[in-house]
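Report on the structure given below.
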Amino acid sequence: MAQSDADAGSDDTHVEHPLITPGLLEQRRYQRTLADQALDDHTLVCLPTGLGKTTVSLLVTAERIGDAAWKSLLLAPTKPLVQQHAEFYREALQVPDDEIVVFTGDVRPAKRADLWKDARVVIATPQVVENDLVGNRISLSSVTHCTFDECHRATGDYAYNYIAERYHEDADDPLVTAMSASPGGDEEEILTVCENLGLREVAVMTEDDADVAKYTHDTDVEWKRIELPDTVIEIRDAINDVVKERLTELKELGVTSTTQPDVSEREIQKIQGQLSELMDNDQSEGYSGMSLLAEIRKLRTAVTYAETQSVEALRRYFERQKEAARSSGASKADQRLVSDPKVMEAMRKAENFTDLHPKFRQTRMLLAETLGIENGERVIVFTESRDTAETLTDFLADHFETEKFVGQSDTDGSDGMTQTQQQETLDRFRAGEFEVLVSTSVAEEGLDVPEVDLVLFYEPVPTAIRSIQRKGRTGRQTEGNVVVLLAEDTRDEAYFWKSRQDEKRMEDELRTLKNVAGQLESKLGASQADVEEFEDSADDHRKSADSASGEERPASSGGSESSEQRAASEASRERDAGDETTTQQSDDDGQAGLDAFAPSETEGDAESGERDGIGDDSGERGVPSETEGSTPEPHADSEDEVAIVADQRELDSTIARDLSTREGVQTELETLAVGDYVLSDRVVVERKTVSDFLDTLTGGDRSMFEQVGDATRYYARPVVVIEGDDLYGERNVHHKAIQGALASLAVDFGASIMQTADEDETADLLETIARREQEESNREVSVHGEKQSKTLTEQQEYVVTSVAEVGPVTARAMLEHFGSVEAVMTADEDDLQAVEGVGEVTAERFREVVGNEFDG
Numbered sequence: 126m127a128q129s130d131a132d133a134g135s136d137d138t139h140v141e142h143p144l145i146t147p148g149l150l151e152q153r154r155y156q157r158t159l160a161d162q163a164l165d166d167h168t169l170v171c172l173p174t175g176l177g178k179t180t181v182s183l184l185v186t187a188e189r190i191g192d193a194a195w196k197s198l199l200l201a202p203t204k205p206l207v208q209q210h211a212e213f214y215r216e217a218l219q220v221p222d223d224e225i226v227v228f229t230g231d232v233r234p235a236k237r238a239d240l241w242k243d244a245r246v247v248i249a250t251p252q253v254v255e256n257d258l259v260g261n262r263i264s265l266s267s268v269t270h271c272t273f274d275e276c277h278r279a280t281g282d283y284a285y286n287y288i289a290e291r292y293h294e295d296a297d298d299p300l301v302t303a304m305s306a307s308p309g310g311d312e313e314e315i316l317t318v319c320e321n322l323g324l325r326e327v328a329v330m331t332e333d334d335a336d337v338a339k340y341t342h343d344t345d346v347e348w349k350r351i352e353l354p355d356t357v358i359e360i361r362d363a364i365n366d367v368v369k370e371r372l373t374e375l376k377e378l379g380v381t382s383t384t385q386p387d388v389s390e391r392e393i394q395k396i397q398g399q400l401s402e403l404m405d406n407d408q409s410e411g412y413s414g415m416s417l418l419a420e421i422r423k424l425r426t427a428v429t430y431a432e433t434q435s436v437e438a439l440r441r442y443f444e445r446q447k448e449a450a451r452s453s454g455a456s457k458a459d460q461r462l463v464s465d466p467k468v469m470e471a472m473r474k475a476e477n478f479t480d481l482h483p484k485f486r487q488t489r490m491l492l493a494e495t496l497g498i499e500n501g502e503r504v505i506v507f508t509e510s511r512d513t514a515e516t517l518t519d520f521l522a523d524h525f526e527t528e529k530f531v532g533q534s535d536t537d538g539s540d541g542m543t544q545t546q547q548q549e550t551l552d553r554f555r556a557g558e559f560e561v562l563v564s565t566s567v568a569e570e571g572l573d574v575p576e577v578d579l580v581l582f583y584e585p586v587p588t589a590i591r592s593i594q595r596k597g598r599t600g601r602q603t604e605g606n607v608v609v610l611l612a613e614d615t616r617d618e619a620y621f622w623k624s625r626q627d628e629k630r631m632e633d634e635l636r637t638l639k640n641v642a643g644q645l646e647s648k649l650g651a652s653q654a655d656v657e658e659f660e661d662s663a664d665d666h667r668k669s670a671d672s673a674s675g676e677e678r679p680a681s682s683g684g685s686e687s688s689e690q691r692a693a694s695e696a697s698r699e700r701d702a703g704d705e706t707t708t709q710q711s712d713d714d715g716q717a718g719l720d721a722f723a724p725s726e727t728e729g730d731a732e733s734g735e736r737d738g739i740g741d742d743s744g745e746r747g748v749p750s751e752t753e754g755s756t757p758e759p760h761a762d763s764e765d766e767v768a769i770v771a772d773q774r775e776l777d778s779t780i781a782r783d784l785s786t787r788e789g790v791q792t793e794l795e796t797l798a799v800g801d802y803v804l805s806d807r808v809v810v811e812r813k814t815v816s817d818f819l820d821t822l823t824g825g826d827r828s829m830f831e832q833v834g835d836a837t838r839y840y841a842r843p844v845v846v847i848e849g850d851d852l853y854g855e856r857n858v859h860h861k862a863i864q865g866a867l868a869s870l871a872v873d874f875g876a877s878i879m880q881t882a883d884e885d886e887t888a889d890l891l892e893t894i895a896r897r898e899q900e901e902s903n904r905e906v907s908v909h910g911e912k913q914s915k916t917l918t919e920q921q922e923y924v925v926t927s928v929a930e931v932g933p934v935t936a937r938a939m940l941e942h943f944g945s946v947e948a949v950m951t952a953d954e955d956d957l958q959a960v961e962g963v964g965e966v967t968a969e970r971f972r973e974v975v976g977n978e979f980d981g
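End of the sequence shown sits at 981 in our numbering; the numbers just go up one at a time, nothing left out.
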């Protein structure tokens, strides 16, 4: 039987429901209580890890999809978690397996659109659903229950927020259930999650509740302090001396007052901001200072490896730095770092260090005690670093049956694991085929890792959320232990105190929230009043439309809901410009933080950034990916709508998402061979930020002119949008160079140049042009320059539209009138004018193009 976090414990009674497999789910009062609360309104469900949050959501889904016209959507942040939920739902729900479908980037968009039509339950990663909504491939109108698993991710620019906004706006009868063992570090963070997902209630169960306590066991947490050997301290101190020297140089520039090597991440960010201001004012000190700061970050990473990971991990890091310094594009920071005498001495000592890092030795001792003396069966070791996970796996494999569990992304010198490999590893671990699982953060969230005898943290976790997620792996059915290794007088100390403080605050917040639901609702109510009014208006509009069309909406099996119960929050969409690691929240909060680990060095969530453009719809510009069958030309569904085709890669900005939420705008996603946005058969838009545009002038990258050249060949009205302020002042680029580039685009390529202040203004401009083209000029959207296969009819239309700017509507009329492309091409002007929509000017221009000799 597929395991889920709901399967712990046993009872004589089981859940009875027409859509739930008889005898499978035991009846637990706390789950039923939470499900009943979740059925009443948009609800945040908080329950300790391992006690069946997924079952709570499934109980709500079973109630809501009783009528076959309705469907449910469950969103989870990683592919393995999606697959796990799908296995559980297929076993627990009395719904045909082919009606419970999985949406990840591995399923092609055209296939997802087909699967969506007949699905009763869709289980998906959020990035894929976001893509399908922006691309107008799916509709949420019939989704009567939407679950956001691991909902604490609903901050910043994460896809959950956009989906929630669309769901509350588009669904006929919406109900949101959000689930997490740890929704946020304080009340403000929890309220942010609630507002972003449109939640109105919080349902909390803790281990203090009698109904829950019978299914939990004690989990002891022990902190073991590790003393570093002298050689490791010498390596650390040598690197810190260089950090101090670089900070002294920055102090002389006037951007910091500290020279202490344990400078906080908050101070680092402050320094970066001041250096950016110097660069904006075209002061050379800004550029040299930024190079010093880049070196400091690398040195701090090296210190963290030495202090808290292992000398072997440090050696690997140094090797990567030396490779970077030898590369053709090496920065001054790279070259300066590896050539510094003190750093070189630290490298030499690391190379000659043959002893075990004390954390390695302590790990081996703890595992021997748990698996040998205490006859334990399974242990999980968590670490932040992929390097440490691999070196520790190799080391422990000499003593225990050990395997690693890491994310799917490949990093320098390290291959990720495929989804199949991840699942197979967990299955074998669950079956007892090996004893020790060494895992990075990919196994933290919700993944059904079996209960274990010991969870070992190789280093403290600096946020309460991650700490709670990890400790949830033990203490489910039997008493379990948690041990945290803490290197004395290192950054581990800062992480330790931060983790302890945040975790205690979160526990207190959850207990408090359990008792102040009314106050929480009042706090949320003010921010949601406008949305309630909007939804009521939208409901009235839908009812009017249904009445006019004679259609009836299916009735929800969960009973009728009041407009108050269906009210939702306007999703807060705080966009952090330039930070696509959107998906992973900061572990710092301005304190010690994880700044020491550069993104390429730490094991992030390999799934969280999943896009169709990664292993799915991706393709370099001008080389579109293959599609399944023919792709019809985009078109608006009604006369009141305009269609805008956005390039898949534009999802890194908010523009396509913004347009997709606008009334009367239908967005579609494609991997465009030409341009970023297609607004009609003759208008294509190439979007460049001011920085992108200036990079073309200063970095020798001529791709912009090539792209505009392609646009000119395929579209009669190419438009270049330059987005951002201070085109002439952002960089030290001579104004004549900028004017020369603009002149070339306009004169040499015939492109219209337009400037916008930001992404919002760009979206407004795109909508304006699309409406002028499609409503006032009666033109259709036609994607040109594609190398994908088209039907014969589409190819015939395409050939005719390419002559003399004939639009697709006129081309279709001409083909219908004459019967073939050949007959159209040989028709004289009088015959052409007999076609509706073809006037004297068009006929004359058409014959001029077709009949005149080619003059090369």
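No residue lacks a Cβ here, since even glycine has one placed at the ideal position from N, Cα and C.
What residues match up with I351 in a beta bridge as DSSP calls it? A612
Endpoints, the beta strand (DSSP E) within which Q880 is located: S877 to T881
H270 lies in the alpha helix (DSSP H); which residues open and close that run? Taken as a continuous stretch (DSSP letters only), H270 belongs to no alpha helix (DSSP H), being part of the beta strand (DSSP E) at V268 to F273.
Within the same chain, show all residues whose beta-carbon is closer than 6 Å to that of F559, passing over the 5 residues directly before and after it, in chain order. E526 and E528
E998 lies in the beta strand (DSSP E); which residues open and close that run? With the chain running from 126 to 981 in the structure shown, residue 998 is simply not present.
Under 8 Å, with one C-beta from each stretch per pair, do the region 847-858 and the region 799-811 reach the 3-pair mark? no
G532: which of Q548, N857, Y442 and E576 sits nearest, CA to CA? Q548
Hey, how far is the Cα of R371 from the Cα of T383? 11 Å
Nearest-angstrom Cα distance between L172 and T893? 48 Å
What are the start and end residues of the beta strand (DSSP E) that includes Q791? V790 to E795
Which word fits E402, buried or exposed, when buried means at least 16 other C-beta atoms lie within 10 angstroms of its C-beta? exposed
Enumerate, from N- to C-terminal direction, the unbroken beta strand (DSSP E) stretches of 3 or more residues contained entirely within the region 176-224. 196-200
Go ahead and label L159 buried or exposed: buried means 16 or more other beta carbons lie within 10 angstroms of its beta carbon, across all protein chains shown. buried
Is R787 helix, strand or coil when you go by DSSP? coil
Candidates V966, Y853 and L521, of which the one nearest V815 by Cα: Y853
Taking only three categories from DSSP, how would you classify M829? helix
Here's the rule: buried if 16 or more other CB atoms are within 10 angstroms of the residue's CB, otherwise exposed. What is K242? exposed
Identify which residue in M879, A798, G834 and L890 has its Cα closest to the Cα of A781. L890
Cross-strand partners of F507 (DSSP beta bridge): S564 and F582
Contact between the region 465-478 and the region 539-546 (3+ Cβ pairs under 8 Å): no
Are the Cβ atoms of V858 and L822 separated by less than 8 Å? yes
Using alpha carbons as the reference points, say which of S409, L169 and S945 lies closest to G279. Reading the sequence as shown, one finds Ala at residue 279 and not Gly. Out of S409, L169 and S945, L169 has the C-alpha closest to the C-alpha of A279.
So is G932 buried or exposed if we call it buried at 16+ other beta carbons inside 10 Å? buried
Considering only their Cβ atoms, is the gap separating L198 from V268 smaller than 8 Å? yes
Between T837 and the rest of its own chain, which residues show a CB-CB distance below 8 Å, the 5 nearest in sequence each way excluded? P843, F874, G875 and A876
Which residue from F554, R391, I315 and P143 puts its Cα closest to that of D192? P143
Ranges of the alpha helix (DSSP H) found wholly within the region 446-487, counting only runs of at least 4: 457-464 and 466-477
Could you give the C-beta distance for A289 and L240, rounded to a whole number, given that I count them as a contact under 8 Å? Between L240 and A289 the Cβ distance is about 22 Å, and since that is not below 8 Å, they are no contact.
Give me the Cβ distance between Q446 and K423, rounded to the nearest whole Å; I'm assuming they're in contact under 8 Å. 7 Å
With contact counted as at least three CB pairs below 8 Å, one residue from each stretch, are the region 209-219 and the region 230-238 in contact? no
Terminal residues of the alpha helix (DSSP H) in which K242 lies: P234 to D243
Buried or exposed by the 16-neighbour rule on C-beta atoms within 10 Å, applied to F979: exposed
Are three or more beta carbon pairs between the region 426-444 and the region 361-368 nearer than 8 Å? yes
Mind checking A163: buried by the 16 CB within 10 Å criterion, or exposed? buried
Does the region 508-527 come close enough to the region 552-566 that 3 or more CB-CB pairs lie under 8 Å? yes
Any chance the region 489-508 sits against the region 463-475, with 3 or more Cβ pairs inside 8 Å? no
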